[in-house]
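Protein chains in written order, with the working numbering: chain A, 47 to 185; chain B, 33 to 469.
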């Protein structure tokens, strides 16, 4: 499965649960893979990666400037969260979810492994930009 | 004027023309034009230089012909048009190598007279001839005779001798040739013409004591008048103190050998070096980029838009800027008094949002989509950069070196809790080397 396909399936899966889910949101010098508004009205970002979780963490750190909570989504690891991954996530406030195919329901199963902490540092300008984009998209 | 040239700007693309001619025209001393650009756009470049009426140099880019041809090809696998046209201007030696699809070797230059003559003729005459050929020729000649136009503005302030890149594997072949090219150029020009030797070396030559000594001694004994230095991919903020010290020693060696020295692709460290005894005489850079440059590929490259952060004297990612502004409580950028006095008081920074304006995302390959900056964002960033560079050059005359070094040390302390160490560690290296050497 390609990252683009994974991103699409995750987006569609989230759309069944959340009202506002937008993909490819440009902010600062990047595009955030997926942004959605959760039940607490918080703006949440997702960086989807199949392999390069170090890069995902770097990108997710940048996203924290603009959203309330920042996650990375990785394919379910057979050995669980490795100590390296755990070590790199520690202290960042970035959340982690694993995704895999649920053979019983034929749907994507998303498991939250680590909850993202609320971002303490918001760059108001890019936050405003994200809000404009996602709320415009939802209308 | 020639002796006062300290700040060169390198002309990169035609889109930059208005920055050279507009409100920043008095903020630099001279311009350097790449030979392949001139060969490819003779009329446009000549008209630009004529309008500019400022000192200039033509960089003949002769090193382009020594590399594997793949480094001078376009996306279709053909030799770039600009390189082909440059070769045509330089005679059979270069044009036949291009035709054969082969790199030039030192042995090809056993008989170099015609080649050197062609390079001199190209640099000295191309722009003047094009201007005088134009439909305004009659009026231009009249104005030149009546001295209402300056004839000196149509010829370069000196001739850059043909040159080739030297690394530790090829220096034995190319150094003797480079020296002969310099001396032959001096022989063929008139005695009033300044000859510049362009010394292009790899970092492994810079960091090799015996090779560096050889370079210094050879060029000091040559007949060039001035030296232009280009160390391959030498980003000053990424160098350790050892490399920076070697660079300072290279410059010092040339200066003590009686030559003026300019860094062709330099940043703030080089600007500081202009205030040292036996330091640089001047620095060149591109617009918003070009404070370092790789020797290959020749030309091309899409510079990323970043923000030139004046206290760090480097370009930082927009995300890094946003982090600093958020942590310091400077959300409004230049509208905040503290930001304006501690970071940047230029008019561009009062509109901090413009720096991150992007176009809608587009696919760049392999399913990756990127959002590129708008033209307005690029222009905003570039104008801010030019304000910053002028301030840096001005500071050399207005403040002591000790004060400028102290500023860097204080900056490191002020920001160390705000950014990662890798973003500001260069300030320690620069302070240490500039203070000691």
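Note that the Cβ used here is the ideal one computed from N, Cα and C, for glycine as well.
Taking only beta-carbon positions, decide if residue 75 of chain A is within less than 8 Å of chain B. yes
Output needed in chain order: residues of the region 93–118 of chain A with a Cβ under 7 Å from some Cβ in chain B. 108 and 111
Applying a beta-carbon distance threshold of less than 7 Å, which residues of chain B neighbour residue 121 of chain A? None at all; the shortest Cβ gap to chain B is about 16 Å.
Can you tell me where the alpha helix (DSSP H) with residue 451 of chain B in it begins and where it stops? Residue 451 of chain B -> no alpha helix (DSSP H), and no H or E assigned at all.
If you draw a straight line from the C-alpha of residue 71 of chain B to the C-alpha of residue 118 of chain B, how long is it? Cα-Cα distance, rounded: 5 Å.
When the Cα atoms are used, what is the spatial distance from residue 369 of chain B to residue 392 of chain B? 33 Å
Buried or exposed (CB count within 10 angstroms, at least 16 for buried), residue 3 of chain A: Outside the modelled stretch of chain A, which goes from 47 to 185, sits residue 3 of chain A, for which no answer is possible.
Give me whichever residues DSSP pairs with residue 42 of chain B in a beta bridge. B/64
Output, in sequence order along the chain, the residues in the region 147–172 of chain A whose CB is closer than 7 Å to any CB in chain B. 167, 168, 169, 170, 171 and 172
Select from the region 58–72 of chain A all residues with a C-beta closer than 7 Å to any C-beta belonging to chain B, and list them in chain order. 70 and 72
If we ignore side chains and look at the alpha-carbon of each, how far apart do residue 160 of chain B and residue 187 of chain B end up? 6 Å
Near residue 141 of chain A, which residues of its chain fall below 6 Å by C-beta distance, leaving aside the five closest residues on each side in sequence? 117, 160, 161 and 162
Which residues of chain A have a Cβ atom closer than 7 Å to the Cβ of residue 354 of chain B, listed in chain order? Result: 74, 111, 169 and 172.
Residues of chain A with CB under 9 Å from residue 349 of chain B, in chain order? Listed by position along chain A, the residues whose Cβ is nearer than 9 Å to that of residue 349 of chain B are 74, 75 and 108.
Three-state secondary structure (DSSP) of residue 108 of chain A: helix
Counting only C-beta atoms, is residue 403 of chain B closer than 8 Å to chain A at any point? yes
Closer than 8 Å to chain A by CB, residue 390 of chain B: Chain A, which has a Cβ nearer than 8 Å to the Cβ of residue 390 of chain B, makes this yes.
Cβ of residue 358 of chain B less than 8 Å from any chain A Cβ? Contacts with chain A at 8 Å (Cβ-Cβ) include residue 358 of chain B.
For residue 230 of chain B, go through chain A and note every residue whose CB falls closer than 7 Å to its CB, in chain order. Those within 7 Å of residue 230 of chain B in chain A number zero; the least Cβ separation is about 34 Å.
Quick one: is residue 393 of chain B near chain A, going by C-beta distance under 8 Å? Chain A contact via Cβ: present.
Examine chain A for any beta-carbon lying closer than 8 Å to the beta-carbon of residue 448 of chain B, and answer yes or no. no
Which residues in chain A sit within 7 Å of residue 385 of chain B, going by Cβ to Cβ distance? 171
Backbone CA spacing between residue 34 of chain B and residue 46 of chain B [nearest angstrom]: In this prediction, residue 34 of chain B has a pLDDT of 46, which is less than 50 and means its spatial position is unreliable; what the coordinates show is noted afterwards. Rounded to the nearest angstrom, the two C-alpha atoms are 25 Å apart.
From which residue to which residue does the beta strand (DSSP E) around residue 341 of chain B run? Counting along the chain, the beta strand (DSSP E) containing residue 341 of chain B begins and ends at 339–341.
Just to confirm, are residue 203 of chain B and residue 243 of chain B a CB contact at a threshold of 8 Å? yes
Beta-carbon contacts of residue 43 of chain B that lie in its chain and below 6 Å, excluding the five residues immediately before and after: Contacts found: 63 and 65.
Below 6 Å CB to CB, which residues in the same chain sit around residue 218 of chain B once its five sequence neighbours on both sides are set aside? 227 and 255
Which residue from B/100, B/108, B/285 and B/105 puts its Cα closest to that of residue 197 of chain B? Nearest of B/100, B/108, B/285 and B/105 to residue 197 of chain B, Cα basis: B/100.
What distance in whole Å lies between the Cβ atoms of residue 113 of chain A and residue 49 of chain A, which are believed to be in contact at a cut-off of 8 Å? Not confirmed; about 20 Å, so no contact.
By how many angstroms is the C-alpha of residue 53 of chain A removed from the C-alpha of residue 105 of chain A? 15 Å
Are at least three pairs of beta-carbons, each pair with one atom in the region 295–307 of chain B and one in the region 109–128 of chain B, less than 8 Å apart? no
Check whether the Cβ of residue 363 of chain B lies closer than 8 Å to any Cβ atom in chain A. yes
Can you look up residue 314 of chain B in the DSSP assignment and give me helix, strand or coil? strand
Helix, strand or coil for residue 76 of chain A? Go by DSSP, reduced to three states. strand
Whether residue 194 of chain B touches residue 151 of chain B by CB criterion (8 Å): Going by C-beta atoms, residue 194 of chain B is nearer than 8 Å to residue 151 of chain B.
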